[in-house]
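Quick note on numbering: UniProt numbering labels position 488 of the sequence shown as 488, and the sequence is numbered without any gaps. One structure is given below, encoded as structure tokens.
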Amino acid sequence: MPAEPSIKPPNGLLKYGILSLRRCCARYLVPFVVVLVLLFLYVSRQSITRESCLTNVDAQNFWQNRHPQLGQSNLGKFLNNPASLATCSDAFSSEHDSRLVPALWLDLIMSKVEGDSQIKPLCSKSVCLSDEVRLPFRWGSFLGLDRENGLKLDLTDCSQLRSLIKGQSLQKKSSLASSINRYASEECQIKRPVNWPITEDIRRYIGANYMLRNRQIPEKIVILTADVSKKSSSPYLATEVGLYEDTIGDKDIKELALRFSETNGGKEKISISKQTNAFKKVINKVSNKNSSSSDAKTLNLTAEDFYGKDPLSSADEQAPTYKYFHEAEISGTHLGYHYDWRFFQKQISNNYERKVVLHRLAKAWLRFSYTFGLKSWLAHGSLLGWYWNGLNLPWDQDIDVQMPYMSFTELAAHNQSLILDLVDDPDIAGVHLYFLDVNPHFKNRICDKENVVDARFIDTNTGMYVDITALAISPKSELDRSFEADAKSRLLQVFDANYKDEIRSATLVSKPFILDEYHKQLEEKASNSWHSKHLYNCKDFHFYHLEELGPLIETSFEGEIAYVPQNFKNILQREYPKGLTSKCHGDWLYRPFFGVWTPLSKCPNDVYGDECNDRDMILEEEYTRPYRLKRGHWNISVKQSPRVDPYILKRNQDLNSRNCEAQ
């Protein structure tokens with residue numbers, strides 16, 4: 001059969017066909033390739049992107065799929081055993097696990113404590129171990145420099161810092177470089193805070209460099225656990241242990257790991273939960289706690305609580321010459337002001353993660369202050385959050401508390417201490433260290449805008465903190481100054497809750513002599529209260545009368561025992577005139593059906609909330625219900641669980657995705 005003749009299209013038609021094909025490819029192929037690339041990036045970085053969009057749904061999935069190996073921390077990087085990296089779970093050996101070192105600490109303490117031989121007899125509210133029991137410590141074990149959050153730090157020289165600075169604009173690079181040179185030595189050792197708005201990567205480098213290179217370690221660690229002895233009314237037990245610097249890398253920590261492995265049949269894993277349970281039994285046996293850390297006097301406030309035997313002397317009135325606390329200023333945002341510059345890791349934009357951080361931060365502070373019998377109460381935004389539902393406000397970036405001056409001096413005795421909170425199950429809540437830092441200028445009660453915060457209780461994992469301010473009787477010069485300063489309105493509202501409305505009234509405005517007389521009467525009341533030692537203030541000119549503060553009301557905040565002022569409504573109305581009634585704030589809406597503040601963007605047409613089926617909001621209501629119930633009835637018996645830490649969620653997800661078998 002003869003071959004069919006080939007048909008050749010005209011030259012113009014061929015060109016047209018090729019052009020059409022190119023247009024088709026350009027139209028469909030490019031978007032297709034883009035989709036493939038995005039899909040690849042999503043799959044390859046799923047664990048990272050998941051962390052930025054965590055919700056209560058992820059926590060629910062955790063409870064339904066909790067991996068049996070989740071509680072195991074791997075000792076592989078300390079044992080120098082490459083063979084251990086062959087198994088699935090031990091692939092985590094090189095990752096930062098904040099549970100590992102505390103677990104080894106507990107094992108060391110239990111091996112040292114025999115009977116009462118290592119217990120100091122003078123501690124009435126904690127178990128104090130003798131100086132012979134000390135724990136190795138270095139900041140590098142806790143700053144998480146090997147975390148997979150975008151930057152692995154090498155602080156041995158300046159090369160990485162110079163590389164980071166190169167990414168800045170010419171103007172900012174010049175300004176930043178001069179700032180770094182001025183604050184750093186030739187060996188690239190950051191010696192002082194860098195008060196410039198800079199990128200997150202540079203900010204993280206500067207904080208970590210300062211903590212590691214200056215070698216300033218805390219004096220002791222306070223370990224908080226549940227008191228299983230039931231010998232006192234306090235549900236917690238504190239153990240104080242001294243620290244020493246592990247100078248040669250992690251040499252001493254490695255020795256602890258080797259010791260644990262050798263004495264436990266060659267184990268290459270350690271469980272913080274098992275160590276905590278064993279530790280509680282040992283410590284409760286040797287506990288010499290002879291007095292309750294919580295009694296009726298905690299609720300009462302007297303004038304002596306705010307000044308002691310004598311008012312503050314004139315020697316304490318010298319104004320400081322430098323700002324003590326510094327924040328992590330970040331380019332393009334004001335949110336960096338809510339992080340301590342030394343411990344900053346990243347901005348926490350995810351609502352779930354921020355709630356978890358502040359939840360555990362509040363619980364740790366409340367447990368610490370309660371255990372040591374420190375008089376403290378919720379203030380400012382935290383008090384407002386408590387008023388609504390016993391929880392922190394979702395848009396609030398820190399926790400605020402106040403203390404009477406004399407109780408604050410007791411707190412100052414624990415200055416530069418680390419606090420390790422092991423009350424909740426560490427395999428769910430994670431392990432977090434908190435650093436108590438007291439402003440050395442706290443005795444100066446003269447208004448100083450650079451030092452209005454007297455102490456901070458800082459989460460070393462994130463840099464977020466509890467702001468602690470002391471209330472005291474100001475020197476007479478400060479009271480007189482307040483009559484003339486912007487603080488006048490705050491002061492006079494203490495003696496007339498309607499002060500602002502009164503001075504706006506037509507009667508007083510039209511008759512200045514009546515307004516003058518009105519001011520004179522209120523100022524006389526303020527002066528009399530000051531002379532009777534019943535008027536107190538912080539250094540930011542927030543004034544309070546003794547009668548509106550005490551006796552304190554016992555309640556709960558984030559599920560923990562907490563205290564609020566007796567007349568909290570008056571105090572809140574002065575500071576937040578619409579805060580007690582307005583159910584809308586920014587992007588948040590309080591929906592009575594859920595009993596929590598919820599994003600305005602979800603179910604925007606359902607103000608009450610009973611028609612909203614958003615899964616995350618429903619889970620938030622279910623999860624917080626025990627905490628909200630306890631706000632008005634502390635002794636109510638309800639089961640509550642800590643919020644699941646983002647690190648725990650991620651680790652559990654990775655264990656399940658790698659199909660690690662239980663061992």
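Note that the Cβ used here is the ideal one computed from N, Cα and C, for glycine as well.
Hey, how far is the Cα of residue i from the Cα of residue j?
i, j, result
"Thr469", "Ile399", "11 Å"
"Cys158", "Ile202", "12 Å"
"Trp530", "Leu580", "29 Å"
"Gly207", "Asn392", "27 Å"
"Lys297", "Leu374", "For Lys297, the predicted model reports a pLDDT of 48, less than 50, meaning its position is unreliable; a value from the coordinates is still stated below. If you take the alpha carbons of Lys297 and Leu374, they lie about 10 Å apart."
"Ser261", "Pro68", "21 Å"
"Asn658", "Leu301", "Per the sequence shown, the amino acid found at residue 658 is Arg instead of Asn. Using only the alpha carbons, I get a separation of about 57 Å."
"Cys612", "Asp606", "7 Å"
"Leu358", "Cys603", "26 Å"
"Phe543", "Leu535", "7 Å"
"Tyr590", "Glu621", "12 Å"
"Phe279", "Leu422", "10 Å"
"Phe344", "Ile190", "15 Å"
"Pro642", "Asn570", "32 Å"
"Val466", "Arg456", "6 Å"
"Asp246", "Trp105", "13 Å"
"Leu522", "Lys500", "13 Å"
"Leu135", "Ile109", "8 Å"
"Lys251", "Lys220", "20 Å"
"Arg138", "Tyr210", "13 Å"
"residue 736", "Leu629", "Nothing in the structure corresponds to residue 736, since the chain is present only between 1 and 663."
"Asp107", "Thr598", "43 Å"
"Trp388", "Thr263", "52 Å"
"Cys555", "Trp377", "Checking the sequence, you will find Thr at residue 555 rather than Cys. Roughly 10 Å between the two C-alpha positions."
"Lys323", "Leu299", "34 Å"
"Met617", "Ala59", "13 Å"
"Ala412", "Arg615", "45 Å"
Measuring alpha carbon to alpha carbon, tell me which of the options ends up nearest residue i.
i, options, result
"Gln216", "Asp496, Ser417, Phe568", "Ser417"
"His414", "Leu492, Asp58, Lys125, Glu450", "Lys125"
"Tyr205", "Tyr244, Arg162, Glu240", "Arg162"
"Glu71", "Thr55, Asp97, Lys77, Ile553", "The sequence given here has Gly at residue 71, not Glu. Per the Cα distances, Asp97."
"Phe483", "Tyr465, Lys500, Trp196, Glu524", "Glu524"
"Phe495", "His519, Ser505, Asp480, Asp486", "His519"
"residue 665", "Asn389, Ser382, Ala379, Trp395", "Only positions 1 to 663 of the chain appear in the structure, and residue 665 is not among them; the question remains open."
"Pro577", "His380, Leu54, Ser73, Pro440", "His380"
"Leu129", "Met464, Gly586, Ser111, Trp139", "Ser111"
"Gln402", "Val194, Ser505, Thr55, Ala472", "Ala472"
"Thr462", "Glu327, Glu560, Ala485", "Glu327"
"Glu478", "Asp459, Phe325, Val431, Cys447", "Cys447"
"Gln640", "Asn439, Tyr627, Leu361", "Tyr627"
I need the DSSP call for residue i, collapsed to helix, strand or coil.
i, result
"Gly385", "helix"
"Arg45", "Interpretation of Arg45 is limited by its pLDDT of 40, a score under 50 that renders its predicted location unreliable; no figure is taken from the coordinates."
"Met464", "coil"
"Gln216", "coil"
"Asp305", "helix"
"Phe368", "helix"
"Arg504", "helix"
"Gly17", "Per-residue confidence for Gly17 stands at a pLDDT of 45, beneath the threshold of 50, marking its modelled position as unreliable; the derived number appears in the next sentence. Three-state result, Gly17: helix."
"Ser417", "strand"
"Gly207", "helix"
"Trp105", "helix"
"Ala379", "coil"
"Gln189", "coil"
"Thr624", "helix"
Pull the bridge partners of residue i from the DSSP assignment, please.
i, result
"Ser271", "Gln72"
"Asn537", "Ala472, Phe543"
"Leu552", "BP columns for Leu552 are empty, so no partner."
"Glu327", "Asp340"
"Phe557", "Glu560"
"Glu240", "Cys128, Val222"
"Thr409", "In the DSSP output, where bridge partners are listed per residue, Thr409 has none listed."
"His67", "Note: His67 sits in no beta bridge, so no partner."
Give me, in chain order, the residues of the same chain whose beta-carbon lies closer than 7 Å to that of residue i; leave out the 5 immediate sequence neighbours on both sides.
i, result
"Leu79", "Ala257, Leu258, Ser261, Glu268"
"Ile553", "Tyr563, Val564, Gln566"
In its own chain, which residues sit with a C-beta less than 6 Å from the C-beta of residue i, not counting the 5 before and 5 after it?
i, result
"Ser474", "Arg445, Asn537"
"Gln653", "none"
"Ser141", "Val101"
"Leu492", "Tyr499, Leu522"
What residues in its chain sit with their C-beta under 8 Å from that of residue i, if we drop five residues either side in the sequence?
i, result
"Tyr608", "Arg591, Pro592, Phe593"
"Met406", "Glu304, Asp305, Phe306, Tyr307, Gly308"
"Ser73", "Asp97, Arg99, Leu100, Ala103, Lys269, Ile270, Ser271, Ile272"
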